[in-house]
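**Q**
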Amino acid sequence: MVNLKVRIGSLELSNPIMSASGTFGYGLEFADKLDLKKIGAFVTKGLSLKKRLGNQMPRICETPAGMINSIGLENVGMDAFETEKLPLIHKTGAVVMANFFGETEEEYVESARRLEAMDGVHALEMNVSCPNVEKGGIEFGSDPAFLEKLTKAVKKVVKKPLIVKLSPNVADIRPFASAVENGGGDAISAINTLKGMSIDVKSRTPKIKRVFGGLSGPAIKPVALRMVYECCNTVKIPVIGIGGIASLNDALEFLMAGATAVQIGTMNFVEPEICQRIAGELSAWCVAEGVSDITTVTGSLKIA
Amino acid sequence: MVNLKVRIGSLELSNPIMSASGTFGYGLEFADKLDLKKIGAFVTKGLSLKKRLGNQMPRICETPAGMINSIGLENVGMDAFETEKLPLIHKTGAVVMANFFGETEEEYVESARRLEAMDGVHALEMNVSCPNVEKGGIEFGSDPAFLEKLTKAVKKVVKKPLIVKLSPNVADIRPFASAVENGGGDAISAINTLKGMSIDVKSRTPKIKRVFGGLSGPAIKPVALRMVYECCNTVKIPVIGIGGIASLNDALEFLMAGATAVQIGTMNFVEPEICQRIAGELSAWCVAEGVSDITTVTGSLKIA
Amino acid sequence: MKPKILRNVPMGKRYRMIDFEWPDDNAQPGQFVMIRVTDSVDPLLRRPMSIAGLANGRMSIVCAVLGKGTAILSEKSEGDFLDVTGPYGVGFNPPESETALLCVMGGVGTAPFLFLKSRSNKKIIAFYGAADKDGLGIQTKFDEMHFSTVDGSVGTKGLVTDILLAHPEIKNKNAFLLACGPKGMLKAVDQICVREKIQGELSLEERMGCGFGVCLGCMVETDEGNKRVCVEGPVFKAGTVKW
Amino acid sequence: MKPKILRNVPMGKRYRMIDFEWPDDNAQPGQFVMIRVTDSVDPLLRRPMSIAGLANGRMSIVCAVLGKGTAILSEKSEGDFLDVTGPYGVGFNPPESETALLCVMGGVGTAPFLFLKSRSNKKIIAFYGAADKDGLGIQTKFDEMHFSTVDGSVGTKGLVTDILLAHPEIKNKNAFLLACGPKGMLKAVDQICVREKIQGELSLEERMGCGFGVCLGCMVETDEGNKRVCVEGPVFKAGTVKW
Ligand SMILES: Cc1cc2nc3c(=O)[nH]c(=O)nc-3n(C[C@H](O)[C@H](O)[C@H](O)COP(=O)(O)OP(=O)(O)OC[C@H]3O[C@@H](n4cnc5c(N)ncnc54)[C@H](O)[C@@H]3O)c2cc1C
Ligand SMILES: Cc1cc2nc3c(=O)[nH]c(=O)nc-3n(C[C@H](O)[C@H](O)[C@H](O)COP(=O)(O)OP(=O)(O)OC[C@H]3O[C@@H](n4cnc5c(N)ncnc54)[C@H](O)[C@@H]3O)c2cc1C
Ligand SMILES: Cc1cc2nc3c(=O)[nH]c(=O)nc-3n(C[C@H](O)[C@H](O)[C@H](O)COP(=O)(O)O)c2cc1C
Ligand SMILES: Cc1cc2nc3c(=O)[nH]c(=O)nc-3n(C[C@H](O)[C@H](O)[C@H](O)COP(=O)(O)O)c2cc1C
Ligand code: FES
Ligand code: FES
């Protein structure tokens, strides 16, 4: 028997294949597409205290081997999540990580407090790629000192594992990884989307109404893998690798680079059952390779 | 008649389609593949004072819609370039931009001095994505103040147009664009490659011997376009757009975002005649669209 | 589902009709499928295509070549395999009582009506608008067929809304109208519905990331708030969309 | 060049031979072409393939399916079009005087020797090494044919260098040796050449970005410095490569 179990803080996952926030709805949309118990965990769409409508349309477009989105963090809000979604999610037996964000430190802390109190939320993933209204629209995730302070403040109100999700739109991701570790975060997830842009040449207008959006999908995999590797070499807490994963091979690259688990994002749109498929393939791969415990694959990259 | 002429400092190009450094050799390799006079200019492989051998193999690998390279700036050196390459290049009638780099400020200045003295080099493109040995391996292009100083120092010894090529591995490219402008640079080119990584799962080794390399090709286009747009909105000097261009449509996106000209890199490997093809298509597009002067396309993006 | 292509034939000058295997008959006219046209990651996303027919183990779509994805799709051969998910979305739902339907269509907007025709015994009065005669050829026999072209090369010269407004049924307040086509056309038809107090349904198009409600890329603003075209649509009640 | 595929047939269990139109006969055995297998940008780069035959307006390659690119290539059909550039590189150049050639090959390394055989009237003594018998089937009749497999299922059990060393010609200091195959095999053959003081040429493989000398991705270290496998190679003199 292969042991695919991995640990994120105090939480044990049955396997390291998870779905990424914003690409898996509230899990329920996938209930008829795969067995939610067969994947390590799923991450909800980013939640805020209040319901949000998001940005104007158009807010997605396709790019070579990728896509840009500027959804604007549209979500049902904490109340509706707790009362309408969570009870239904609970029935599926899924492991649930709640992704959340705020516009001020207080909103972050308050959101975390709410999620901490919800039965059926197994871990929290804090998205810091949001404009900080108090700091004049600069992202929370763009200043290590501030990130450490935010992590500490949130960690104070939660016992559940706190994962902090890093932005790749920085010159060097390592100080941010350290900030999370120093702030007491239980794990890091990386990366969120790369800031990108696309133009419709015919109309000479941006393809995304808000001009900029986040690039995701296979195109970003090399950048994501590099940043995940850098994080893994910087901190001791677990790192969850995200960015462009489309195959077992891609997932293994992240694990070998040092990730404890991975999240699959954009490819859920293209192949809704991909998380379950790759979890299955991972198990078969371990058998074929004589790997009895997946944690021995983590960080097994050999540098000559 | 369509006027495709664009101006980079004191240099006028017959059209805005150029080839990018490191993807076009010394031009001569393309002499039987296209008419070098039909493209705006070509940029040489990055030159250093002394011949360099570059990094160990393997130093390229393919990624989704892109590739990673870690050539290590292998080049024939200034002497061989001047005596062996330049006379032959001169015969082709090509407009030549010499890309160059150094490991210290003095090397940069000395390289620029050499190129300034060479007849047949029409402009200089300074690559600042190189580790600065004096600053402990940190890239020249990763500190705006330092970049401004370097630009000033080099500008002092050259009259030919000086283009400074920016690295995308920064949190915000705008201060770097300003640094070039303030330092007296005649133009900016952007972007160089994104730092990336890839792993061979079978052998559990990095696909690139040096672990990291530069990601290029269509995959990076959305990031490149965003950064070029940011540069164009920051400085008044011309910006040359680079990154993932594979079609007329891609080139037009960069022009509409504000670029005065564009460079095509990786796609020269796939379709050696691509620069000439796109220059031709650009002319046809202008006719079809009733554009009589290509400079009216530059920056014509409409933001609602 | 990885169905085998059974047929791929031109339909008029601009379109192709592609038939492929499909295991069941469970779909409503107005619903769509999501098609992955390649195993590679470029193009990456699935393409939405209305169901143009479904019977006897065979589904049909009508495809207009617009860009890369539809170009690849239209060049597939009989015997090749497709990668299709769905059906998705909510289809047309005209009242049971209605015996005649005014169906306004432009371009490949005809596709869902071909399916509707095959499933319904109501009288279908079709209004087809195109820029020129190259847009024609996709129409099979509806019960009544009215054409308009912008250049006047076929049918009445002008917009499809002109021939719609000229039709006697438009004055029948019990008429029910269905529309599928370009945004401009839908908007104009919607205004007619509101002005003439005619009930109707419009099938919308938006760029889609997933097709099943999770990317939130396909929103449309309605008088009941943001709706996902792929789940709450693509068919919306006339008079409810905020254009 | 966008030549039409004339034939695509299996060759043994692991390979396919693909023939396509080619306008001229100007190529040397050992040279290669660069093939773009898709119009999309994934996979992005061209794939290098040795020329396995060229005559009468027809070029042949032998393709082993390794990854994405060769999978797509091998699934192309007769009548499809390829995108091929080249020929590139420097081919084999055995001395005119030589009447017999020792040709050591493994896997698709046979391809250039098929071409050589068709162009040369020298006696070709072939040594083919494989892991098991599934690697066989690519060999057409050379003048002499010696097999070895690692598992002993066909020919001599062991490595191809064993059967090479056992051949009487290896003691002939005027023998000329050519080799193409996996790196390990080439290295072993190279050592034999040096040790036995036999002249020879080796055809190398490296990942290629361009195929015509500009990306500098395919370097090999030789005793004359860095060389590009795509321009100064793929064929190098035995004893010159620094492994
Ligand atoms: C519900 C629905 C039903 C449709 N039914 C049909 C049909 O029956 N027949 C048909 O030919 N077309 C139909 N379309 C439009 C079709 O999906 C687009 O023409 C197609 O996606 C364009 O892809 P492309 O790669 O050729 O173009 P590209 O321009 O290269 O596509 C780039 C991206 O934009 C998206 N996109 C571009 N145009 C549209 C559009 N008009 N609507 C939605 N997304 C778009 C693509 O899906 C892709 O993600 C339908 C669209 C929707 C939303
Ligand atoms: C001069 C030369 C001649 C060759 N001749 C033949 C031939 O006649 N028949 C044949 O089947 N194969 C030949 N090869 C090997 C062939 O090019 C590779 O098997 C092929 O590129 C693999 O592509 P892929 O997409 O299937 O594999 P992937 O592993 O998906 O390829 C990923 C990348 O790595 C490169 N790559 C992977 N393996 C090799 C390799 N062994 N050599 C060079 N690049 C590689 C690919 O070109 C691509 O850029 C030759 C290689 C060279 C250099
Ligand atoms: C449409 C879309 C919406 C997303 N929404 C969120 C979100 O709400 N919160 C968040 O932390 N990340 C969000 N992401 C980022 C993904 O979780 C993931 O980090 C990113 O897409 C990279 O992974 P991928 O390349 O596998 O998609 C979103 C991504 C996409 C494509
Ligand atoms: C193989 C290779 C070598 C390169 N060498 C150089 C170089 O010597 N100097 C430089 O400034 N940029 C170099 N570049 C970067 C390109 O000039 C260009 O900025 C980058 O590839 C992005 O453009 P593209 O996506 O069109 O390739 C190199 C790129 C590649 C792929
Ligand atoms: S297409 Fe993704 S939510 Fe509608
Ligand atoms: S493959 Fe580019 S230099 Fe040889």
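Chains as they are written, first to last, in the working numbering: chain P, 6 to 309; chain L, 6 to 309; chain W, 2 to 244; chain D, 2 to 244. Using N, Cα and C, we set each Cβ at its ideal position, and we do this for glycine too.
1) Pair every Cβ in the stretch 57-77 of chain W with every Cβ in the stretch 120-131 of chain W, then say whether three or more of these pairs are closer than 8 angstroms.
2) From the DSSP output, in three-state form, read off Met261 of chain P for me.
3) Nearest to Arg120 of chain D by alpha carbon, out of D:Phe143, D:Gly80, D:Glu22 and D:Tyr16?
4) Leaving out five residues on either side along the sequence, give the residues of the same chain with a beta carbon under 6 angstroms from the beta carbon of Leu39 of chain L.
5) Rounded to whole angstroms, how far is the Cβ of Gly27 of chain P from the Cβ of Ile76 of chain P, which I believe are closer than 8 angstroms?
6) Reducing DSSP to helix, strand and coil, say where Ile6 of chain D ends up.
7) Using only CA atoms, which one of P:Glu79, P:Pro63 and P:Lys226 lies nearest to Pro69 of chain P?
8) Is Gln32 of chain W helix, strand or coil by DSSP?
9) Assess, as a yes-or-no matter, whether the stretch 264-272 of chain P is touched by the stretch 6-18 of chain P under the definition of 3 or more beta carbon pairs within less than 8 angstroms.
10) For a cutoff of 9 angstroms on Cβ pairs, would you count Asn254 of chain P as touching chain L?
11) Residues with a Cβ closer than 5 angstroms to any heavy atom of ligand 1, in chain order?
12) Rounded C-beta distance between Leu179 of chain W and Gly201 of chain W? I'm assuming under 8 angstroms.
13) In angstroms, rounded to a whole number, what distance separates the CA positions of Asn132 of chain L and Ile36 of chain W?
14) Can you give, in chain order, each stretch of the beta strand (DSSP E) that sits fully within the stretch 113-167 of chain W and has at least 3 residues?
15) I want to know whether the stretch 43-59 of chain P touches the stretch 101-117 of chain P - three or more CB-CB distances under 8 angstroms.
16) Three or more C-beta pairs under 8 angstroms: does that hold for the stretch 191-208 of chain D against the stretch 89-108 of chain D?
17) Per DSSP, what kind of secondary structure is Phe29 of chain L in: helix, strand or coil?
18) With DSSP collapsed to three states, give me the class of Val228 of chain L.
19) Can you tell me whether Val1 of chain P is helix, strand or coil according to DSSP?
20) With a threshold of 9 angstroms between beta-carbons, can Phe151 of chain P be considered close to chain W, or not?
21) Based on DSSP bridge pairs, tell me the residues matched to Ala101 of chain W.
22) For the beta strand (DSSP E) that contains Met50 of chain W, what are its first and last residues?
23) Give the residues of chain W in contact with Ala251 of chain P, contact being defined as C-beta atoms less than 8 angstroms apart.
24) Looking at the unbroken beta strand (DSSP E) that takes in Asp20 of chain W, where does it start and where does it end?
25) Under three-state DSSP, which class holds Lys170 of chain L?
26) Short of 8 angstroms in beta carbon distance, which residues of its chain neighbour Lys1 of chain D, apart from the five on each side in sequence? Order them along the chain.
27) Any heavy atom of ligand 3 closer than 8 angstroms to the CB of Thr271 of chain P?
28) If Val115 of chain D sits next to Gly54 of chain D, beta carbons under 8 angstroms apart, how far is it from one beta carbon to the other, in whole angstroms?
29) Compare the C-beta of Arg37 of chain W with all C-beta atoms of chain P and state if any pair is closer than 9 angstroms.
30) How do the stretch 14-21 of chain W and the stretch 68-84 of chain W stand: do at least 3 beta-carbon pairs fall below 8 angstroms, yes or no?
31) Tell me which same chain residues have a C-beta within less than 8 angstroms of the C-beta of Thr141 of chain W, skipping the five on either side of it?
32) With DSSP as the reference, label Ser288 of chain L as helix, strand or coil.
33) I'd like to know whether the C-beta of Ile204 of chain P is nearer than 9 angstroms to at least one C-beta of chain L.
34) Which two residues bound the contiguous beta strand (DSSP E) that contains Lys238 of chain W?
35) Where do the ends of the beta strand (DSSP E) carrying Gln192 of chain D lie?
**A** Let me lay it out:
1) Touching, no.
2) helix
3) D:Phe143
4) Glu278 and Gln281
5) Correct: roughly 7 angstroms between the Cβ atoms.
6) Correct three-state label for Ile6 of chain D: strand.
7) P:Lys226
8) strand
9) Result yes; three or more Cβ-Cβ pairs closer than 8 angstroms.
10) yes
11) P:Glu67, W:Phe33, W:Leu46, W:Arg48, W:Pro49, W:Met50, W:Ser51, W:Cys64, W:Ala65, W:Leu67, W:Gly68, W:Lys69, W:Gly70, W:Thr71, W:Val109, W:Ala112, W:Glu206, W:Arg208 and W:Pro235
12) 6 angstroms
13) 44 angstroms
14) Fully contained in the stretch 113-167 of chain W are the following beta strand (DSSP E) runs of length 3 or more, in chain order: 124-131 and 145-150.
15) Verdict: yes, contact present.
16) The stretch 191-208 of chain D vs the stretch 89-108 of chain D: in contact.
17) Of the three classes helix, strand and coil, the one that applies to Phe29 of chain L here is coil, per DSSP.
18) helix
19) A question about residue 1 of chain P goes unanswered here, because the residues of chain P that appear run from 6 up to 309.
20) no
21) W:Lys124
22) Arg48 to Ser51
23) Val42
24) Tyr16 to Glu22
25) strand
26) Examination of residue 1 of chain D is not possible in this model, given that chain D is present from 2 through 244 alone.
27) yes
28) In the sequence as presented, Val is not what sits at residue 115 of chain D; that position holds Leu. With 8 angstroms as the limit, Leu115 of chain D and Gly54 of chain D qualify as a contact, their Cβ atoms being about 6 angstroms apart.
29) yes
30) yes
31) Leu115 and Lys118
32) helix
33) yes
34) Val236 to Lys238
35) First-last for Gln192 of chain D: Lys184 to Glu197, but that is the alpha helix (DSSP H), not the beta strand (DSSP E).
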